[in-house]
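A quick write-up on the structure given underneath.
Residue numbers (our numbering): 63 to 737.
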């Protein structure tokens with residue numbers, strides 16, 4: 063908790079195009095935001111620049127900061143780009159090719175006959191074996207052979223690796239052999255990052271467990287270096303506050319925990335946005351929402367029912383499954399920087415390639431010449447000529463030229479028609495992702511409110527809602543920096559899992575007790591006071607013979623709850639089939655009392671600050687311009703309108719009306735429709 067001497071909380075989310083910063087005074091509730099271009103070569107540079115900007119805006123000093131929260135894409139980018147450390151894998155003799163065998167699954171969008179299995183993150187030449195064998199029930203069938211271990215250590219030295227992953231057969235049931243291998247490596251090769259599967263993912267499935275351990279080892283050196291550099295820069299700037307980093311599960315953890323298991327940050331930024339959206343929607347009275355986080359490079363979509371953030375253990379990062387608990391969302395390559403192009407077949411395509419932070423869209427004036435989604439918005443008049451509170455001027459002529467040269471000219475279309483085509487394809491791609499988390503899981507999107515955020519989200523909100531039949535759009539108070547604000551609302555979180563080989567009550571109780579002991583040690587490491595601690599028991603269950611499990615809260619009625627959940631997801635259950643208990647999990651939460659709620663004073667009527675021509679499909683209309691900070695609670699207006707603020711721009715098309723809620727959320731509804 064922030065002390066009274068240092069009550070300020072600062073949150074920094076680094077995206078592909080912009081770095082977002084929020085500063086909040088825990089004593090008064092006042093908040094300030096800032097946005098600065100990301101610096102891909104050294105993300106910590108934009109981090110400190112943003113912190114300086116927001117402190118200057120608040121008129122505060124660095125010494126009054128009591129907590130620093132951070133969402134990072136360092137691990138994500140390393141995994142996606144295959145640029146992690148040179149890594150070796152040590153496994154049980156006879157299992158050298160577990161990575162090459164992998165799974166039989168072919169990606170859904172791939173050509174069945176043309177798909178080629180991607181190169182594994184560790185080639186067979188760097189997979190080493192040790193002689194040992196543990197049974198699934200934890201019995202040691204073959205003791206660890208020290209000579210084979212010495213040979214593996216020597217091979218790691220000869221291969222010149224920077225990291226080593228250890229994944230021995232059934233180590234989750236008896237981790238002693240893995241611990242001995244890790245000890246030998248750390249003693250003999252002190253400068254090398256070492257990760258054992260029992261420290262990352264002590265559960266069944268050798269392929270997924272091996273991959274998770276390898277990916278963790280690969281990103282460990284770079285993430286540790288980055289976190290260390292960031293802590294040094296914070297101290298140099300006079301900030302002595304603890305650094306907490308966002309994890310993929312929607313919680314935060316201290317720097318020491320992240321250094322040990324950096325793979326848990328793979329969906330760090332998007333998870334923070336979901337936490338922020340949950341808090342904003344709950345305050346406005348909307349428990350059932352679909353969030354669409356549209357940044358410069360990608361869009362992240364998540365569905366929440368009853369205000370609960372769903373977790374999944376079936377997540378993927380790029381080509382690889384990463385079965386660590388993470389917020390259940392779908393990520394696609396569609397954002398404001400997504401590039402439009404005409405294919406060889408003469409079709410218009412948008413994304414997933416992005417203009418990124420450098421050179422960025424053509425309208426940013428940094429050398430970009432190819433049309434992007436943002437350029438299409440500028441060409442149609444959806445964006446005012448200046449952004450970031452007037453600090454950033456848009457080059458309207460450059461945007462139009464890019465759309466004309468990249469799309470309109472090659473396709474023989476009018477300029478505005480081409481721009482609308484770019485947006486239509488981007489919107490269609492996002493609608494497909496929304497249907498993945500809604501329709502394909504038994505939910506009707508029309509029963510949910512849409513929460514668009516990210517720098518580009520509010521520009522697309524109403525268009526996406528119309529395509530999906532959604533009646534209500536809720537735009538957060540600060541949509542462009544909601545991922546940073548979500549960090550302020552996040553609690554400390556960790557999960558402790560172990561697969562089981564016996565379903566006897568005593569065995570299950572023993573595993574839960576062991577997991578809760580691990581959670582208690584984690585609470586102590588993170589200095590969580592006892593009143594702020596919470597534990598939740600979860601069981602991963604399946605019908606006998608199934609290949610996947612469902613996470614069910616553990617209780618005497620877990621089997622019945624599993625059947626009901628299975629029926630809701632898949633449309634049927636199997637009353638006569640045996641239910642198997644596969645993995646037990648304890649979810650630990652340290653409550654930080656984060657709060658991002660705002661209150662708007664009563665309004666005196668929405669008064670436009672001017673008008674701006676917008677090219678809608680039905681013709682050009684003068685849209686009313688509203689400054690969001692001038693709107694009070696209860697103020698209403700009708701589209702067409704553009705709502706401007708420092709971090710994002712909201713487009714309200716004809717046929718939609720807006721109302722400012724007392725919580726600061728902007729609620730948009732189709733005129734004539736309830737909901």
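Just so you know, even glycine gets a beta-carbon here, dropped at the ideal spot from N, CA and C. As the structure is a prediction and not an experimental result, all values here were calculated from the model.
Does residue i come out as helix, strand or coil in the three-state DSSP assignment?
i: residue 510; result: coil
i: residue 677; result: strand
i: residue 82; result: strand
i: residue 77; result: coil
i: residue 180; result: coil
i: residue 515; result: strand
i: residue 114; result: helix
i: residue 542; result: helix
i: residue 90; result: coil
i: residue 614; result: strand
i: residue 471; result: helix
i: residue 391; result: coil
i: residue 561; result: strand
i: residue 64; result: Legend: pLDDT at residue 64 = 49, less than 50; position of this residue unreliable, value from coordinates given subsequently. Three-state DSSP puts residue 64 in coil, outside helix and strand.
i: residue 28; result: Summary: the structure shown does not reach residue 28, with the chain confined to residues 63 through 737, and so no result is reported for it.
i: residue 605; result: strand
i: residue 348; result: coil
i: residue 257; result: strand
i: residue 383; result: strand
i: residue 266; result: coil
i: residue 208; result: helix
i: residue 170; result: coil
i: residue 595; result: strand
Hey, how far is the Cα of residue i from the Cα of residue j?
i: residue 555; j: residue 104; result: 28 Å
i: residue 458; j: residue 584; result: 53 Å
i: residue 620; j: residue 302; result: 46 Å
i: residue 669; j: residue 467; result: 39 Å
i: residue 143; j: residue 416; result: 14 Å
i: residue 256; j: residue 235; result: 20 Å
i: residue 567; j: residue 269; result: 29 Å
i: residue 736; j: residue 527; result: Confidence at residue 736 is low in this model, with a pLDDT of 47, below 50, so its placement is unreliable and the value that follows should be read with caution. Cα-Cα distance, rounded: 14 Å.
i: residue 429; j: residue 334; result: 31 Å
i: residue 497; j: residue 200; result: 43 Å
i: residue 216; j: residue 304; result: 39 Å
i: residue 432; j: residue 481; result: 13 Å
i: residue 709; j: residue 543; result: 6 Å
i: residue 83; j: residue 594; result: 26 Å
i: residue 121; j: residue 512; result: 36 Å
i: residue 438; j: residue 696; result: 33 Å
i: residue 390; j: residue 310; result: 9 Å
i: residue 571; j: residue 232; result: 20 Å
i: residue 66; j: residue 125; result: Because residue 66 sits at a pLDDT of 49, beneath the cut-off of 50, its placement in the model cannot be relied upon, and the following sentence gives the value as read from the coordinates. So the alpha carbons of these two residues sit roughly 12 Å apart.
i: residue 713; j: residue 113; result: 29 Å
i: residue 100; j: residue 382; result: 26 Å
i: residue 631; j: residue 502; result: 9 Å
i: residue 161; j: residue 274; result: 11 Å
Give me the residue from the options with the minimum Cα distance to residue i.
i: residue 674; options: 656, 706 and 698; result: 706
i: residue 641; options: 686, 564 and 267; result: 564
i: residue 726; options: 522, 225, 356 and 665; result: 665
i: residue 284; options: 130, 573, 133 and 140; result: 140
i: residue 166; options: 634, 155, 156 and 178; result: 178
i: residue 715; options: 694, 678, 708 and 723; result: 678
i: residue 397; options: 300, 204, 484 and 469; result: 484
i: residue 155; options: 475, 390, 639 and 206; result: 206
i: residue 223; options: 185, 237, 240 and 229; result: 185
i: residue 536; options: 654, 254, 339 and 266; result: 339
i: residue 366; options: 375, 356, 344 and 379; result: 344
Identify every residue that forms a DSSP beta bridge with residue i.
i: residue 712; result: 705
i: residue 316; result: 306
i: residue 355; result: 362 and 515
i: residue 402; result: 412
i: residue 229; result: 153
i: residue 722; result: 728
i: residue 374; result: 388
i: residue 699; result: 720
i: residue 554; result: 314 and 652
i: residue 191; result: 153
Heavy atom of the ligand GTP less than 7 Å from the Cβ of residue i, yes or no?
i: residue 651; result: For the structure depicted, the ligand GTP is absent and the ligand set is empty, with no information on it obtainable.
Hey, which unbroken runs of the alpha helix (DSSP H) at 4 residues or more fall wholly within the stretch 103 to 163? 105 to 120, 136 to 143 and 160 to 163
Could you name each continuous beta strand (DSSP E) segment of 3 residues or more that falls completely within the stretch 631 to 690, going from the start of the chain to the end? Fully enclosed beta strand (DSSP E) runs of 3 or longer: 641 to 652, 672 to 678 and 681 to 689.
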